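Visitor:
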Amino acid sequence: MSNDYPYTEQYPVNRGLPEEGRPRAEIAAELASMAEAEDAVWESGRCSGTMYCGDHEHYAFMADAYARFGHVNVLQRDMCPSATRFEGEIIAMTLDMLGAGSMGPDADPAGMVTSGGSASILHAVLAYREQAAAKGVGRPNFIKPETAHPAFDKACHLLGIELRRAPVDPETTKADLDAVESLIDDQTIAMVGSACNYGYGTIDPIGEMGAMALQRGIGLHVDACLGGFILPWGRELGYPIEAFDFRVPGVSSISADTHKYGYGFKGTSVIAFADRALRNGQYFYLTDWSGGKYFSPGIDGSRSGGLLAATWAAMVSLGRQGYIEYARRIFSTADAMKAAVASHDELRIIGDPTFCFSFTSDVFDIYHVNDEMRQKGWRFNGQQYPNAIHMAVTRPQTEPGVVDAFREDLSDAVAFAVAHKDEDPFSAAIYGGVAGGLTDEADEFIRGIMESMMDAQQGLPPLD
Ligand SMILES: Cc1ncc(COP(=O)(O)O)c(C=O)c1O
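Take any residue in the sequence shown, count from 1 to its spot, add 139: that is its number in my numbering.
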């Protein structure tokens, strides 16, 4: 059993149900104490991504919306017409933001609210598989530029689809169009372009990919899980971001996460389809079951009305102007942070990113910089091939003083890296964070993290 099981010092470990229920006030105090300690990690703004909104008043407002519908099962739409309204309007607002109106009066766009970015991607890949199967494709393959998210590899793994990975241009980190095209054959169901990718924050050439998709008769999914709720506003603010959504001919589906820059609670995302017929491929029917005729719109059965209510409330309370104002601050904060990086000759920003950027060094291992930044309380995401650190700028970094702290701490960290460049750094590239652990022992390190999670999921935390 792993020794990493948390909170064993402070709180009782429940190895089974407590015999008597505990007082609510005591439980509430325990929850508040854990939440306050954990929130302090990102409230300083020294954290990449993950906490997109960071506004406790907004969270409390969404929690109230959630509380009114958290017990509601969206499957029972007769009992909760509000869920139909929430989901319909979340999809409509997202389609509008993603330029679905530009497809003309004959277009029939549609969508679904899923439980997150990976779920949106899974449903898109499922829809393409079903569409292709109806045309006789029996050995489906799906193409992703290497930088596209692992959720595509996972979806293909789960759905029995061959994932073909195309290299990207190492300078720009964008999809190499020739490499992508060379992988297309008569069993290719679709390909993905990212807007933007997680690692580098760069945007694939969606216009060219759309033209290729149309010419070769395959689908083009745009993964805008990260960028979908912020890049449209960046375009409106005049940042040089090319069209990446339904305005681009050939784009047939888009994933955009309400639980990232949509500022909703964790657990929601929108999968948007240019055409309803493609969307319908993810539906499931079983009409001859003894338990009654069964239908569900996707992989989940029961879904919580609370998440739909909270997401809807977040979107309509912010409105277009709210999103644009948040984006304006995030983009200008990212510009200031990128300028701080660029002021060091030893550092190099990779590609041409916008609100999410990554940087490396040709002089020392960039993880030395991370080691020192960690000491100063910063938490970045780490990458490999080449080693790099990535910063997805969110609202907590737009607070006064955070950019100044970044600039100062980065200067110290560069000096530290120069001084220690002949030693091994301590950090390693772990998705969603740069954890401690020797770089060359990173595999062992991630195995350790997985083992402790697997132990906890066995439901038998340590006795002592
Ligand atoms: C570009 C991109 N796609 C997909 C995902 C997967 O989203 P989720 O973690 O919500 O499943 C992420 C997550 O960060 C992402 O950045």
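C-beta: ideal position from N, C-alpha, C; glycine also.
Owing to the predicted nature of the structure, the values given are computational and were not obtained by experimental measurement.
Just to confirm, does D439 get its C-beta within under 6 Å of one of the non-hydrogen atoms of ligand 1?
Guide: On the sequence shown, residue 439 is found 300 positions in, with the first residue counted as 1. Flag unset: Cβ of D439 not near ligand 1.
Visitor: Taking the DSSP output, what are the residues bridged to P284?
Guide: As a working note, residue 284 is residue 145 in the sequence shown. Paired residues: A305.
Visitor: Determine the extent of the alpha helix (DSSP H) in which D551 is found, giving its start and end residues.
Guide: On the sequence shown, residue 551 is found 412 positions in, with the first residue counted as 1. V541 to A558 is the extent of the alpha helix (DSSP H) around D551.
Visitor: Suppose the cutoff is 6 Å on Cβ atoms and the five residues either side in sequence are ignored; what does the same chain contact list for P436 look like?
Guide: On the sequence shown, position 297 is the one that residue 436 refers to. These residues qualify, in order along the chain: M251 and Y422.
Visitor: Are there any heavy atoms of ligand 1 lying less than 6 Å away from the beta-carbon of S257, as far as the coordinates show?
Guide: Within the sequence shown, the letter at position 118 stands for residue 257. For ligand 1, at least one heavy atom lies less than 6 Å from the Cβ of S257.
Visitor: Are the CB atoms of G193 and R487 within a distance shorter than 7 Å?
Guide: Counting from 1 along the sequence shown, the entry for residue 487 is found at position 348. Counting from 1 along the sequence shown, the entry for residue 193 is found at position 54. Not a contact, by the Cβ cut-off of 7 Å.
Visitor: Cβ-heavy atom distance between A290 and ligand 1 below 6 Å?
Guide: Taking the first residue of the sequence shown as 1, we reach residue 290 at position 151. Because some heavy atom of ligand 1 lies under 6 Å away, the Cβ of A290 counts as near it: yes.
Visitor: Terminal residues of the continuous beta strand (DSSP E) containing S435?
Guide: The count along the sequence shown starts at 1 and reaches residue 435 at position 296. Element bounds for S435: Y433 to S435.
Visitor: Could you check whether the Cβ of L322 sits closer than 6 Å to any heavy atom belonging to ligand 1?
Guide: As a position in the sequence shown, residue 322 is number 183, starting the count at 1. Not so, every heavy atom of ligand 1 lies at least 6 Å from the Cβ.
Visitor: Could you check what DSSP says for G250 in three-state terms: helix, strand or coil?
Guide: Taking the sequence shown and counting its residues from 1, one reaches residue 250 at position 111. G250: strand per DSSP, three-state reduction.
Visitor: Is it true that the segment 524-534 meets the segment 186-203, where meeting means three or more beta-carbon pairs spaced less than 8 Å apart?
Guide: yes
Visitor: Output the distance between the C-alpha atoms of A363 and S333, rounded to the nearest integer angstrom.
Guide: As a first step, residue 363 is located in the sequence shown; it is residue number 224 there, counting from the start. As a first step, residue 333 is located in the sequence shown; it is residue number 194 there, counting from the start. Roughly 6 Å separates the two Cα atoms.
Visitor: When you compare the CB positions of R303 and I282, do they come within less than 7 Å of one another, or not?
Guide: Locating residue 303 in the sequence shown gives position 164, counting from the first residue. Locating residue 282 in the sequence shown gives position 143, counting from the first residue. The Cβ-Cβ distance between R303 and I282 falls below 7 Å.
Visitor: Comparing the CB of Y402 with every heavy atom of ligand 1, is any distance shorter than 6 Å?
Guide: Numbered from its first residue, the sequence shown carries residue 402 at position 263. Relative to ligand 1, the beta carbon of Y402 is positioned no closer than 6 Å to any heavy atom.
Visitor: What ranges does the beta strand (DSSP E) occupy inside the segment 304-360, keeping only unbroken runs of at least 3 residues that lie completely in it?
Guide: 327-333
Visitor: Is the beta carbon of I369 closer than 7 Å to that of F494?
Guide: Here residue 494 is taken as the residue at index 355 of the sequence shown, counted from 1. Here residue 369 is taken as the residue at index 230 of the sequence shown, counted from 1. For F494 and I369, yes; Cβs fall inside 7 Å.
Visitor: Under a Cβ-count criterion, where at least 16 other Cβ atoms within 10 Å of its own Cβ denotes burial, should H483 be classed as buried or exposed?
Guide: Here the question's residue 483 lines up with position 344 in the sequence shown. Under this definition H483 is a buried residue.
Visitor: I'd like the span of the beta strand (DSSP E) that includes R487, first residue to last.
Guide: Within the sequence shown, numbered from 1, the residue matching residue 487 stands at position 348. L486 to I488 is the span of the beta strand (DSSP E), which, as asked, contains R487.
Visitor: Report yes if the C-beta of D362 is less than 6 Å from at least one heavy atom of ligand 1; otherwise report no.
Guide: Position 223 of the sequence shown, counted from the first residue, corresponds to residue 362. Yes, since a heavy atom of ligand 1 falls inside the 6 Å radius drawn around the Cβ of D362.
Visitor: Hey, is L365 close to ligand 1, as in C-beta under 6 Å from one of its heavy atoms?
Guide: Locating residue 365 in the sequence shown gives position 226, where the first residue counts as 1. Result yes, Cβ under 6 Å from ligand 1.
Visitor: Compute the Euclidean distance between the alpha carbons of V508 and Y198, then round it to the nearest angstrom.
Guide: Working through the sequence shown from its first residue, we reach residue 508 at position 369. Working through the sequence shown from its first residue, we reach residue 198 at position 59. Cα to Cα, V508 sits roughly 33 Å from Y198.
Visitor: So the alpha helix (DSSP H) T472 belongs to, where does it begin and stop?
Guide: The residue labelled residue 472 in the question sits at position 333 within the sequence shown. It spans G444 to A481 - the alpha helix (DSSP H) in which T472 sits, taken as one unbroken run.
Visitor: Mind checking whether L359 and V390 have CB atoms under 7 Å apart?
Guide: Counting from 1 along the sequence shown, the entry for residue 359 is found at position 220. Counting from 1 along the sequence shown, the entry for residue 390 is found at position 251. Contact: yes.
Visitor: Check G521 in the structure and name its three-state DSSP category.
Guide: Mapped onto the sequence shown, residue 521 falls at position 382. The answer is strand: DSSP assigns G521 an E or B state.
Visitor: Can you give, in chain order, each stretch of the beta strand (DSSP E) that sits fully within the segment 198-286 and has at least 3 residues?
Guide: Taking only runs of at least 3 residues, the beta strand (DSSP E) segments lying wholly in the segment 198-286 are 249-253 and 280-284.
Visitor: If we require 4 or more residues per run, which alpha helix (DSSP H) segments fall completely within the segment 359-443?
Guide: You should have 370-375 and 415-419.
Visitor: Over what stretch of residues does the beta strand (DSSP E) that includes S500 continue unbroken?
Guide: Numbered from its first residue, the sequence shown carries residue 500 at position 361. From DSSP, the beta strand (DSSP E) with S500 extends over C495 to S500.
Visitor: Is any non-hydrogen atom of ligand 1 found closer than 6 Å to the C-beta of Y337, if you look at the structure I gave you?
Guide: One-based indexing of the sequence shown puts residue 337 at position 198. Checking the Cβ of Y337 against ligand 1 gives yes.
Visitor: Smallest Cα separation from G366: which of G340, G209, I166 and E381?
Guide: The residue given as residue 366 occupies position 227 in the sequence shown. When each option's Cα is compared against that of G366, the closest is G340.
Visitor: To the nearest angstrom, how far is the alpha carbon of L214 from that of S441?
Guide: Position 75 of the sequence shown, counted from the first residue, corresponds to residue 214. Position 302 of the sequence shown, counted from the first residue, corresponds to residue 441. C-alpha separation (whole angstroms): 6 Å.
Visitor: Whose C-beta lies closer than 6 Å to the C-beta of I311 among residues of the same chain, with five residues either side of it excluded?
Guide: One-based indexing of the sequence shown puts residue 311 at position 172. Contrary to the premise, residue 311 reads as Thr rather than Ile in this sequence. Answer for T311: G490, listed in chain order.
Visitor: For A527, list the residues DSSP reports as bridge partners.
Guide: Working through the sequence shown from its first residue, we reach residue 527 at position 388. Residue pairing for A527: DSSP places it in a beta bridge opposite Q522.
Visitor: If you count every other CB in all the chains shown that lies within 10 Å of the CB of Q460, and 16 or more means buried, which is it?
Guide: The sequence position of residue 460 within the sequence shown is 321, counting from 1. Q460 is exposed by the Cβ-count criterion.
Visitor: Tell me C186's beta-bridge partners as DSSP assigns them.
Guide: For the purposes of this step, residue 186 is taken as the residue at position 47 of the sequence shown. According to DSSP, C186 bridges with R518.
Visitor: With a CB to CB cut of under 7 Å and the five nearest residues on each side skipped, what residues in its chain are close to E347?
Guide: As a working mapping, residue 347 is identified with position 208 in the sequence shown. Cβ contact annotation for E347 (same chain, cutoff 7 Å, sequence separation greater than five): L316, in chain order.
Visitor: Taking the beta carbon of S321 as the centre, do at least 16 other beta carbons fall within 10 Å, making it buried, or is it exposed?
Guide: Numbered from its first residue, the sequence shown carries residue 321 at position 182. So S321 counts as exposed.
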